[in-house]
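Heads up, the sequence shown is in this note's numbering, so the first residue is 47 and it goes up one at a time. One structure is given here, and the rest of the page talks about it.
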Amino acid sequence: MSRERTYTDYLRDMLAHAQQAQAFVQGMTFAQFAADARTQAAVFWSLSIIGEAANRIPDSLQISIRAWP
Numbered sequence: 047m048s049r050e051r052t053y054t055d056y057l058r059d060m061l062a063h064a065q066q067a068q069a070f071v072q073g074m075t076f077a078q079f080a081a082d083a084r085t086q087a088a089v090f091w092s093l094s095i096i097g098e099a100a101n102r103i104p105d106s107l108q109i110s111i112r113a114w115p
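This is the structure we're talking about:
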């Protein structure tokens, strides 16, 4: 049986998928990205996962994070 995921797990997911999205577009111009549907889909998928993980971060932590510089 796997353990229950914590907010730190979701923060790690967000970081990993942000890095992955960045790697997908590294070295590409915007025009190249705009012309590459596969890369667009990969980046969209990573951003979707980031959004889903962000929704699982407790409200109290989200409020305190907003106060960070």
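C-beta: ideal position from N, C-alpha, C; glycine also.
Nearest neighbour of R51 by Cα position, chosen from A99, L107, A113 and S106, turns out to be A99.
When the five nearest sequence neighbours on each side are left out, the beta carbons in the same chain lying within less than 8 Å of the beta carbon of Y53 are those of R102, I103, P104 and L107, in order along the chain. Taking a contact as a CB-CB distance under 8 Å, the pair A67 and S94 does not count as one, their CB atoms being some 10 Å apart. Around the beta-carbon of I96, 16 or more other beta-carbon atoms lie within 10 Å, marking it buried. A distance below 8 Å between beta-carbons, with the five flanking residues on each side excluded, links M74 to the following residues of its chain, in chain order: D82 and T85.
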